[in-house]
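Data block below; observations after.
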Amino acid sequence: MKFEGEYLNGKKWNGKEYNENGELIFEGEYLNGLRWKGKGKEYYYKNKLIYEGEYLNGKRWNGKGEEYNEYGKLIYE
């Protein structure tokens, strides 16, 4: 499975995205099917959180957010 969640007008709207190994890589809001707006969480290998915060135009760090290293330690707020 690559995506599970809600669609709006046939495009991703809110849900979870997985890589080819079935591991969670992103969960959050989409705009026109892309990770473009709102809050989201991005994950490293084996579902380790790397970033949680707001996205805008496909980029993180627009607004509030927290970034973590591969050990789960907060490195940026």
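Residue 142, in my numbering, is where the sequence shown stops; the numbers in between run on with no holes.
Ideal Cβ placement from N, Cα and C applies to all residues, glycine included.
Beta-carbon contacts of residue i that lie in its chain and below 7 Å, excluding the five residues immediately before and after
i	result
Leu99	Gly123
Neighbourhood of residue i by C-beta, 8 Å cutoff - its chain only, sequence neighbours within 5 removed
i	result
Asn86	none
Nearest neighbour of residue i, chosen from the options [CA to CA]
i	options	result
Lys104	Gly93, Tyr133, Glu131, Met66	Gly93
Ile90	Tyr72, Leu121, Asn112	Asn112
Lys138	Tyr120, Arg125, Leu114	Leu114
Gly182	Glu132, Lys129, Tyr95	Nothing about residue 182 can be read from this structure; the chain reaches only from 66 to 142.
Which of helix, strand or coil DSSP assigns to residue i
i	result
Lys104	strand
Tyr133	strand
One or two residues paired with residue i in a DSSP bridge
i	result
Tyr120	Gly103, Arg125
For residue i, the first and last residue of its enclosing beta strand (DSSP E)
i	result
Asn79	76 to 83
Leu73	68 to 73
Gly93	89 to 94
Tyr109	It is not in any beta strand (DSSP E) - Tyr109 carries neither H nor E in the DSSP assignment.
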